[in-house]
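The block underneath contains the structure these notes are about, expressed in structure tokens.
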Amino acid sequence: MRKFETVEAVAAPMDMANADTDQIIPARFLWRARAEGYGGLLFNDVRSAADGSQKADFVLNRVENAKAEILVADRNFGCGSSREHAVWALSDAGFKVVIAPSFGDIFFNNSFKNGFLPIVLPEARCAEIRAALARNPGARMVVDLEAQEVRGPLGVNDGFGIDAFEIDPFRKELLLAGMDDISFTLSQQGAIGDFEARYEDAMPWV
Amino acid sequence: MNATKKRTLFDKVWDAHVVERLPDGTCVLYIDRHLVHEVTSPQAFEGLRLAGRKVRRPDATIAVADHNIPTMGRANGIEEEDSRIQVETLERNVAEFGVPYFPILSPQQGIVHIIGPEQGISLPGTTIVCGDSHTSTHGALGALAFGIGTSEVEHVLATQTLLQRPAKNMLVRVDGVLRPGVTAKDIVLAIIGKIGTAGGTGHVIEFGGSAIRALDMAGRMTVCNMSIEAGARAGMIAPDETTFAYVTGRPYAPKGEALEKALAWWKSLPSDEGAVYDTTVVLDAAEIVPMVTWGTNPEAVVPINGVVPDPAVEADEGRRVQLARMVEYMGLSVGQKMTDLAIDVVFIGSCTNGRIEDIRAAAGIAKGRKVAPGVRAMVVPGSGIVRDLAEVEGIDKMLIEAGFEWREPGCSMCLGMNPDKLTPGQRCASTSNRNFEGRQGPGGRTHLVSPAMAAAAAIAGHLIDPREFT
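Going down the list, the sequences are from chains A and B. With the numbering used here as the guide, the letters of the first sequence map in order to residues 1 to 206. With the numbering used here as the guide, the letters of the second sequence map in order to residues 1001 to 1470.
If you want it as structure tokens, here you go:
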């Protein structure tokens, strides 16, 4: 896994509460090989019209967001299924961070396993940032994991702020080190083996 | 841990599985049962292969194909190339890593959340995971069961553990007695309508109260299944005599002395008197009526005698816009009566409502009646065993004679990964769990209902209170 470094990039605002994983990546695409990439399928059914053409007004279809790496979303982002493909689709499309007032638990968890950072900021502040980005298309923001800060939108007289965010220290350490957690857990083999021996004794039917 | 601390059901199961607690509170949590299916596992096995790792506990792992397999003519092989490749990949992976597998033509095959309890693989007090969010179903047995992503599937395969932080405790109590004709599905839809799709986020929900205690295991599984639709990764119900009677005698369940020992632990699991919950919600069972969703998430739910709500009365602008979008997507008009909505398709099945009890409920309504002209009605049993049992009981005949399709087990139209899909604009009464935009096929319109209401809608040709048929 790549080390998570400070991101300074275009931020795209998405005013859509409860953006669920079926919207982020519809189930009918889930069979594709990981190597083929899911980026082109991100929000497939939301971004395209019935005739297959791209909806010009969908935020991720706008030219100024073509290189966006930060998504500023609404509450309960990534609710629904456990499919990690939702994180892969965002990540393959170039996103490194999603900022939202709240997340679906499984999506939130899956994000960290892919070096992808979900950040919780207050609902009102997320709305303010989205509004500022809508008024200033293509504005950039900074996400500094080391300092646990979101800064921006930059270079506009509108909505700028420095927002501190919380993150589990353990998850932060793994992200910054680019360490996958299987390697970490495998280093605890001894403890797992001891547990299994005790457990087998106490609960032989399991 | 303070020995005198009053603990909840969740606390007890959690504590029994902590291998190690890291300084920041993250725990290495031991996993007892890992259920694997064809869609979220290929990259996990690939990861093991690339790293030269093996499956730590093949004996604690069980694999089955359910998500994208066809539900008709399976004996002739899988026609769709994508599905066939995924099933073949799973079969290759389980052979290579020594993981037990229920082949697609065996009676044990079925939806992973139906077969776990059915086989006695899912047991009270265990930790159960699967790369599927509806793993919460198994919590009905008093297990801690939750969905995980593919990276975590790989993590469990390699280490038999997960890195987790404890969730918060939420109690949803449904007191009193349900009115006749009101089902477990109506209970859980009413709960989600009350607390919302993010109401349980960060929590494990324990369902309690006399109306929950009175449910059979199938009903309890329906309720726990939809915990994730309320935002909670897991739902749990304290094990009791109903649970023990259900588990006893199942193929993988403990027997004899082991069962006696297990029962002693299972009986200690219910939450201690005075245990503290972070959040408590109480519903009155007598107030719950048959429910139906009108919008595109499960909290957009109304009683069957209700109408499409008016987004304009919403104070919050974001919500107003979202509700208006739902009205438009679902092809509704404000104030329209739910019972006036004509139905094109009826889907009875899924991990929410694909058990024998659900199929009996549907057959009870269908018996001696006919599916309305122009309605396509399909019944997809949750497992080969459910299908065989229904055929022994003769309820397949009742459904077929009424005009329902009787299909082979799988996830089917719940998520439209196989050929069972809605076409754009089609309106479906579905016993599944998600009414998201496009969930059952692009442009499809899903109304979540109980098996009884789905069968009643098939007969009437429109949404209807199933109590009119009893």
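Virtual Cβ for every residue (Gly too), placed ideally from N, Cα, C. Model, not experiment: these values are computed from the prediction.
Using CA atoms only, rank isn't needed, just tell me which of the options is closest to residue i.
i, options, result
"R1445 (chain B)", "B:M1326, B:F1010, B:I1459, B:A1143", "B:M1326"
"T6 (chain A)", "A:V142, A:L175, A:E173", "A:V142"
"F1146 (chain B)", "A:P137, A:D105, A:I129", "A:D105"
"Q1109 (chain B)", "B:A1234, B:H1037, B:T1242", "B:H1037"
"K1005 (chain B)", "B:L1157, B:E1081, B:V1276, B:R1074", "B:V1276"
"M1170 (chain B)", "B:T1135, B:A1234, B:G1116, B:V1129", "B:A1234"
"P1373 (chain B)", "B:K1168, B:L1048, B:M1217, B:F1404", "B:F1404"
"G1364 (chain B)", "B:A1245, B:V1112, B:I1459, B:R1021", "B:I1459"
"C1027 (chain B)", "B:V1039, B:S1133, B:T1161, B:R1053", "B:T1161"
"G1354 (chain B)", "B:E1088, B:L1022, B:I1111", "B:I1111"
"R198 (chain A)", "B:A1016, B:H1447, B:I1400", "B:A1016"
"E8 (chain A)", "A:A202, A:I25, A:A68", "A:A68"
"C1411 (chain B)", "B:R1049, B:S1083, B:L1048, B:K1337", "B:S1083"
"R32 (chain A)", "B:I1085, B:G1025, B:A1075", "B:I1085"
"I99 (chain A)", "A:S82, A:S48, A:P122", "A:P122"
"L1029 (chain B)", "B:L1163, B:G1047, B:E1096", "B:L1163"
"T1339 (chain B)", "B:P1466, B:G1318, B:M1217", "B:P1466"
"L1448 (chain B)", "B:N1435, B:G1131, B:V1094", "B:N1435"
"T1127 (chain B)", "A:Q189, A:G159, A:M203", "A:M203"
"S91 (chain A)", "A:T185, A:R135, A:Y38, A:D51", "A:Y38"
"F1097 (chain B)", "B:T1071, B:L1048, B:G1139, B:P1117", "B:L1048"
"D1011 (chain B)", "B:V1307, B:Q1426, B:A1238", "B:A1238"
"F29 (chain A)", "B:G1318, B:S1271, B:G1438", "B:G1438"
"N1068 (chain B)", "B:N1297, B:A1286, B:D1278, B:T1040", "B:T1040"
"K1185 (chain B)", "B:H1113, B:R1007, B:C1351, B:A1158", "B:C1351"
"L1022 (chain B)", "A:F170, A:E196, A:A19", "A:F170"
Would you grab the beta carbon distance between residue i and residue j for me? Rounded to a whole angstrom, and I think it's under 8 Å.
i, j, result
"A164 (chain A)", "Q148 (chain A)", "6 Å"
"I1304 (chain B)", "L1178 (chain B)", "Rounded, the Cβ-Cβ distance is 15 Å, inconsistent with contact."
"A1366 (chain B)", "A1390 (chain B)", "Going by Cβ atoms, the distance from A1366 (chain B) to A1390 (chain B) rounds to 12 Å, so no, they are not a contact pair."
"G1142 (chain B)", "W1266 (chain B)", "7 Å"
"P13 (chain A)", "R62 (chain A)", "Their Cβ separation, rounded to whole angstroms, is 10 Å, which puts P13 (chain A) and R62 (chain A) out of contact at 8 Å."
"L145 (chain A)", "K113 (chain A)", "Not quite, the Cβ-Cβ distance comes to about 16 Å (not below 8 Å), so this is no contact."
"F95 (chain A)", "L71 (chain A)", "5 Å"
"A1456 (chain B)", "I1343 (chain B)", "About 10 Å separates the two Cβ atoms, so there is no contact after all."
"I1192 (chain B)", "M1226 (chain B)", "7 Å"
"V1398 (chain B)", "F1347 (chain B)", "According to the sequence displayed, residue 1398 (chain B) carries Met and not Val. Not really, about 18 Å apart at Cβ, beyond 8 Å."
"L1105 (chain B)", "R1074 (chain B)", "7 Å"
"R1360 (chain B)", "I1395 (chain B)", "6 Å"
Residue j and residue i - do their beta-carbons sit closer together than 8 Å?
i, j, result
"D1032 (chain B)", "V206 (chain A)", "yes"
"H1155 (chain B)", "I182 (chain A)", "yes"
"P1124 (chain B)", "W1014 (chain B)", "no"
"G1200 (chain B)", "A1230 (chain B)", "yes"
"E84 (chain A)", "S1151 (chain B)", "yes"
"I1195 (chain B)", "V1281 (chain B)", "yes"
"V1174 (chain B)", "I1148 (chain B)", "no"
"R140 (chain A)", "D15 (chain A)", "no"
"P101 (chain A)", "R135 (chain A)", "no"
"L133 (chain A)", "L175 (chain A)", "no"
"L1283 (chain B)", "L1009 (chain B)", "no"
"T1470 (chain B)", "S1450 (chain B)", "no"
"I24 (chain A)", "A86 (chain A)", "yes"
"E1080 (chain B)", "P1419 (chain B)", "yes"
"I1479 (chain B)", "H1134 (chain B)", "Nothing in the structure corresponds to residue 1479 (chain B), since chain B is present only between 1001 and 1470."
For the segment 1020 to 1041 of chain B, which residues have a CB atom closer than 9 Å to at least one CB atom of chain A, in sequence order? E1020, L1022, P1023, D1024, G1025, T1026, V1028, Y1030, D1032, R1033, E1038, V1039, T1040
Mind listing which residues of the segment 48 to 61 of chain A have their C-beta closer than 8 Å to chain B's C-betas, in chain order? A50
Segments of 3+ residues assigned as beta strand (DSSP E) that fall wholly inside the segment 1002 to 1058 of chain B: 1018 to 1021, 1027 to 1030, 1033 to 1036
Beta carbons nearer than 9 Å to chain E: which residues of the segment 1433 to 1459 of chain B have them? In summary, chain E is missing from the structure at hand, where the protein chains are A and B.
Pull out every residue of the segment 1272 to 1304 of chain B whose Cβ sits closer than 7 Å to any Cβ of chain A, in chain order. N1297
So within the segment 1284 to 1349 of chain B, which uninterrupted alpha helix (DSSP H) runs reach at least 4 residues, ignoring any that extend past its ends? 1317 to 1329
Please go through the segment 1221 to 1281 of chain B and give each complete beta strand (DSSP E) segment of 3 or more residues, from N-terminal end onward. 1234 to 1236
Between the segment 1111 to 1142 of chain B and chain A, which residues of the former have CB atoms less than 9 Å from a CB of the latter, in chain order? Going along the segment 1111 to 1142 of chain B in chain order, one finds L1123, G1125, T1126, C1130, G1131, D1132, S1133, H1134, T1135 with a Cβ nearer than 9 Å to chain A.
What residues in the segment 1211 to 1236 of chain B have a beta carbon less than 9 Å from any beta carbon of chain A? I1228, E1229, G1231, A1232, R1233
Along the segment 1077 to 1092 of chain B, where does the CB come closer than 8 Å to a CB of chain A? Name the residues. D1082, S1083, I1085, Q1086
Residues, ordered as in the chain, of the segment 1400 to 1419 of chain B that lie near chain A by beta-carbon distance below 8 Å: L1415, G1416, M1417
What are the start and end residues of each continuous beta strand (DSSP E) run of 3 or more residues lying completely inside the segment 1125 to 1186 of chain B, in chain order? 1127 to 1130, 1144 to 1147, 1161 to 1164, 1168 to 1175
Whole beta strand (DSSP E) elements within the segment 1424 to 1449 of chain B, 3-residue minimum: 1427 to 1430, 1445 to 1448
At what residue ranges does the segment 1366 to 1419 of chain B contain a whole run of the beta strand (DSSP E), taking only runs of 3 or more? 1376 to 1379
Using Cβ-Cβ distances below 7 Å, what residues of the segment 71 to 86 of chain A are close to chain B? Residues passing the 7 Å Cβ filter: D74, R75, N76, C79, G80, S81, S82, R83, E84.
So if I threshold CB-CB distances at 9 Å, which residues from the segment 12 to 30 of chain A count as touching chain B? Using a CB distance below 9 Å, the part of the segment 12 to 30 of chain A facing chain B consists of D15, M16, A17, N18, D20, T21, D22, Q23, P26, A27, R28, L30, ordered along the chain.
Within the segment 93 to 119 of chain A, note down every full beta strand (DSSP E) run reaching 3 residues or more, in order along the chain. 97 to 100
Would you list, in chain order, the members of the segment 1309 to 1343 of chain B that have their beta-carbon closer than 8 Å to a beta-carbon of chain A? G1318, R1319, V1321, Q1322
Could you name the residues of the segment 1255 to 1268 of chain B whose beta carbon sits closer than 8 Å to any beta carbon of chain A, in the order they occur along the chain? Here the close residues are A1258, L1259, K1261, A1262, W1265.
What residues from the segment 1343 to 1359 of chain B come within 7 Å of chain A, judged by C-beta to C-beta, listed N to C? none
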